Amino acid sequence: MPAIEVSDLRKSYGSLRAVDGISFSVDAGEVFSLLGPNGAGKTTTIEILEGLRDKSGGSVRVLGLDPWSDAYELHKKIGVIPQGFKFLDYPTPREAVGYYAALFGKKVDPDELLKRVLLEEAASTYFLHLSGGQKQKLGMALSLVNDPELVFLDEPTTGLDPQARRAVWEVVRKLKEEGRTVMLTTHYLEEAEELADKVAIVDHGKVVAAGTTSEIVEAHGSGQKLMVKGGPDLEEYLRHNTKLIVEASGGEVTVRLKGKDDALVALKAIEESGAAWSDLMVRRDSLEDTFLRLVGEGAVSEETS
Amino acid sequence: MFSFKRVIADLKVFGKGNFRSREGLFFTLVFPIILILLFGAIFSGGSSAPTTVYVQNLDGGPASIAFIAALNSTSAIRLVSAPTSVNLTQYLSSHSSTNGILIPAGFTLAYEEDQPVNVTVYGNPASTTSAVVSGITSEVVNQFNIEGASNVHSVRVSQEVAVSKSYSYIDFLVPGLIGFAVLTSPMFALVNVSSSYKRDKIFKQLSLTPLTETEWLVSKIMWYISMTAISFVLMSLTGIYLFGAQISFSPGVALFIFIGPFMFVSLGMLVGTISNSPESAAVVGNLVTFPMMFLSGTFFPVSSMPVYLQNVARVLPLYYVIEGLTNVMIYGNYASALVDFGVLVAVSAVIFALAVKFFKWRED
Ligand SMILES: Nc1ncnc2c1ncn2[C@@H]1O[C@H](COP(=O)(O)OP(=O)(O)O)[C@@H](O)[C@H]1O
Ligand SMILES: [Mg+2]
Chain A
1 MPAIEVSDLR KSYGSLRAVD GISFSVDAGE VFSLLGPNGA GKTTTIEILE GLRDKSGGSV
61 RVLGLDPWSD AYELHKKIGV IPQGFKFLDY PTPREAVGYY AALFGKKVDP DELLKRVLLE
121 EAASTYFLHL SGGQKQKLGM ALSLVNDPEL VFLDEPTTGL DPQARRAVWE VVRKLKEEGR
181 TVMLTTHYLE EAEELADKVA IVDHGKVVAA GTTSEIVEAH GSGQKLMVKG GPDLEEYLRH
241 NTKLIVEASG GEVTVRLKGK DDALVALKAI EESGAAWSDL MVRRDSLEDT FLRLVGEGAV
301 SEETS
Chain B
306 MFSFKRVIAD LKVFGKGNFR SREGLFFTLV FPIILILLFG AIFSGGSSAP TTVYVQNLDG
366 GPASIAFIAA LNSTSAIRLV SAPTSVNLTQ YLSSHSSTNG ILIPAGFTLA YEEDQPVNVT
426 VYGNPASTTS AVVSGITSEV VNQFNIEGAS NVHSVRVSQE VAVSKSYSYI DFLVPGLIGF
486 AVLTSPMFAL VNVSSSYKRD KIFKQLSLTP LTETEWLVSK IMWYISMTAI SFVLMSLTGI
546 YLFGAQISFS PGVALFIFIG PFMFVSLGML VGTISNSPES AAVVGNLVTF PMMFLSGTFF
606 PVSSMPVYLQ NVARVLPLYY VIEGLTNVMI YGNYASALVD FGVLVAVSAV IFALAVKFFK
666 WRED
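So the sequences go chain by chain: A and B. FYI, in the working numbering the residues of the first sequence are 1 to 305. FYI, in the working numbering the residues of the second sequence are 306 to 669.
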């Protein structure tokens, strides 16, 4: 049984279809990432899975439960760090963990747990005075108090500096090592690539691509390409003497490689052209190229800046 | 399902937070004391202003006019003449005063004939101003007797208690300001807490734990009942020892120390819950709070307000808190206090039910 099963999930806010027929499934022990620009519907989706919002349509099972109607049961088994985690101003992380332990009726050693999320150095600092990264780590600690099988993280590193981001990543990897299923959302491509076993790219409430990163690149990328520095004469020659797709920009000529022999054909033509060339390389489309192709460059650069 | 253990766990964290945040502590404990010091000092400290004394002259003859002139020459009292047609005791009470002087009919005749005659001074034995009035009157009487035609001291002063028991402003101020604290500290705190927790998604966060909305609300109610009890004690002691307030600590007070915060925690919660942002919550909160703050008998007795405002006061829940506290602490009138309490229980139950109904941690 998959840990999460989502099929044709829909959620509307008035006339806005924030989630418009999303389907995916997450296996136990997997790290799964919803990747998409701001407003894509990631938070809406993840909060429906957490039982914090009701859906408008479709079906959802989380750990075999209906998250909305079995929320009380589900919440004993999952851990959640909401987007932009905030907490009460005055408890220290140690007290906050103690509070949660009392609420869950669990015996937890706060210091041991804080160590696991790399927060032991700030165990007695008021939440108010914690840095962004430390707050996020407290969120993780609290989500682990009930020893969950499944952990949800909504944009866990948005707004953090690179160092704090790496610390959060380290904790996520530990969660996977401990055998927990992790579902995270992010608009950082690097983060999905770094952490996730499987990714679903969402945009405007729809999944536009899903699978492992290489599967996505395979299916939606433009495949391999040969790139070489050279002038318009080289471009002209290749265009007229091969059947390949040739593009040129900024003194660089790109040749798309589809068939297995395309690379050889291109190389031969370059040699025959007699034109000047340098810096020849063959590259595969990255997830980033594919992502940008799928969701549009504007949305992302605006987002990550 | 309801777990007291979780309520206590929440209470511990919330309480600690309140003690650590200085503003929280200031508004719950320090501010009410400041209020009572301020108003106590303004209205009952060192009576530098002349005391108003109502004089009813049933005689009207030259001696009585001379007597009144002699009284008037002292700057410590300000004389106001009362109509001769009224009962002075009733007149005093309808003017919320306890200080009066009655010059009987036949005063001039008796004075001229050196017959004994009594001038009656009405006052409140417990009040310092009344003592001043009767002291001054005695002095004037002595002078008047010496200046009289003969050496016979014919005019005497006799003391009368104006009402069976009378009260000074501070007596009303203590329950009024306690009511003020009962209202403001839970209202402002809960409006703010509930709207900012909503904005910061702390309620969503809490909904992921076994803590329930009702448990959370009960913990807040318990906290503000405790804080109100503490500020009740501090304010009453300040009133009694610094300003000589005549109030009693009867157990009936506990009813109002319980139901007041219960009601206003729920009301604050309701306002915070139905508002979209902390800013709009603050506006709605003020709209609800301010009329109650001034019109429910906090700073002055409702009976001293114009009738149409008295009618407004009667629809404000805080009015019944203050009236109830006044009934218990000043008049020992338990029957009326129970009526006030009954009204409050009914209103609180409705507000609490609405708060619980609208207070949802999850969204549909
Ligand atoms: N509670 C809500 N009420 C109305 N619109 C909402 C609500 N939550 C989200 N939206 C809208 O739904 C869309 C998806 O939002 P969200 O799920 O937060 O996206 P993401 O997390 O991917 O940035 C956005 O256009 C957002 O403005
Ligand atoms: Mg989001």
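Every residue gets a Cβ at the ideal spot worked out from N, C-alpha and C, and that includes glycine. Because the structure is a prediction, the values reported are computed rather than measured.
In this structure, THR186(A) has its beta carbon at no less than 7 Å from each heavy atom of ligand 2. Using a Cβ distance threshold of 8 Å, THR394(B) and TYR359(B) do not count as a contacting pair.
For ASP66(A), no Cβ of chain B is located within less than 8 Å of the residue's own Cβ. In summary, ALA122(A) is buried, with 16 or more beta-carbon neighbours lying within 10 Å of its beta-carbon over all protein chains present. Secondary-structure assignment with DSSP links ASN362(B) through a beta bridge to ILE408(B).
Taking the Cβ of ASP154(A) as the reference point, at least one heavy atom of ligand 2 falls within a distance shorter than 7 Å.
Here the segment 36-48 of chain A does not lie against the segment 224-231 of chain A, with fewer than 3 beta-carbon pairs under 8 Å apart.
SER609(B) sits exposed, since fewer than 16 C-beta atoms from the chains shown fall within 10 Å of its C-beta.
Interface annotation for the segment 491-514 of chain B against chain A: TYR502, ARG504, ASP505, LYS506, ILE507, LYS509, GLN510, LEU511, SER512, LEU513, THR514, criterion Cβ-Cβ distance under 9 Å. Under DSSP, VAL446(B) forms no beta bridge with any residue. Rounded to whole angstroms, HIS204(A) and GLU155(A) show a C-alpha spacing of 17 Å. Judged by DSSP in its simplified three-state form, VAL479(B) adopts helix. Close partners of LYS310(B) in chain A (Cβ separation under 8 Å): ALA102, GLY105. Of all residues in the segment 319-335 of chain B, those with a C-beta nearer than 7 Å to a C-beta of chain A are LYS321, GLY322, ARG325, SER326, reading in chain order. Setting aside the 5 residues that flank it on each side, VAL570(B) is surrounded in the same chain by PRO491, LEU495, LYS525, ILE526, TYR529, each with a C-beta closer than 6 Å to its C-beta; the list follows chain order. Excluding its 5 nearest sequence neighbours in each direction, VAL593(B) has C-beta neighbours in its own chain below 8 Å: MET492, LEU572, VAL576, listed in chain order.
Separation of LYS665(B) and GLU518(B) (C-alpha to C-alpha, rounded to the nearest whole angstrom) is 7 Å.
At least 8 Å separates the beta-carbon of PHE508(B) from that of ILE579(B). Residues of chain A with a Cβ closer than 9 Å to the Cβ of GLU668(B) are, in chain order, GLU47, LEU52, ARG53, ASP54. Using a Cβ distance threshold of 8 Å, THR181(A) and GLY51(A) do not count as a contacting pair. Contact between ALA141(A) and LEU114(A) holds, since their C-beta atoms are separated by about 6 Å, short of 8 Å. For ALA314(B), the neighbours in chain A by C-beta distance under 7 Å run, in chain order, TYR99, ALA102, LEU103.
The alpha-carbon of ALA368(B) is positioned some 40 Å away from that of PHE477(B). Within chain B, the residues ASP505, ILE507, GLN510 have their CB atoms less than 9 Å from the CB of PHE87(A), given in chain order. In the displayed model, GLN510(B) falls within a helix according to three-state DSSP. The beta carbon of PHE563(B) lies closer than 8 Å to those of ILE530 in the same chain, with the five residues before and after it left out. In the DSSP assignment, the residues bridged to ILE4(A) are VAL26(A), VAL62(A). According to the DSSP assignment, ASP289(A) belongs to the alpha helix (DSSP H) that extends over 287-295.
Boundaries of the alpha helix (DSSP H) around TRP528(B): 518-548. Residue state for GLN395(B) is assigned as helix, using DSSP reduced to three classes. Between the alpha carbons of GLU247(A) and THR43(A) lies a distance of about 39 Å.
At a beta-carbon threshold of 8 Å, the residues of chain B lying near PRO91(A) are VAL318, LYS321, GLY322, ordered along the chain.
Remark: three or more beta-carbon pairs, one from each stretch, lie closer than 8 Å, so the segment 185-200 of chain A and the segment 280-297 of chain A are flagged as touching. With the rule of 3 Cβ pairs closer than 8 Å, the segment 235-245 of chain A does not count as touching the segment 307-318 of chain B. Rounded to whole angstroms, ASN392(B) and THR403(B) show a C-alpha spacing of 13 Å.
Annotation for MET140(A): the continuous alpha helix (DSSP H) segment containing it runs 132-144.
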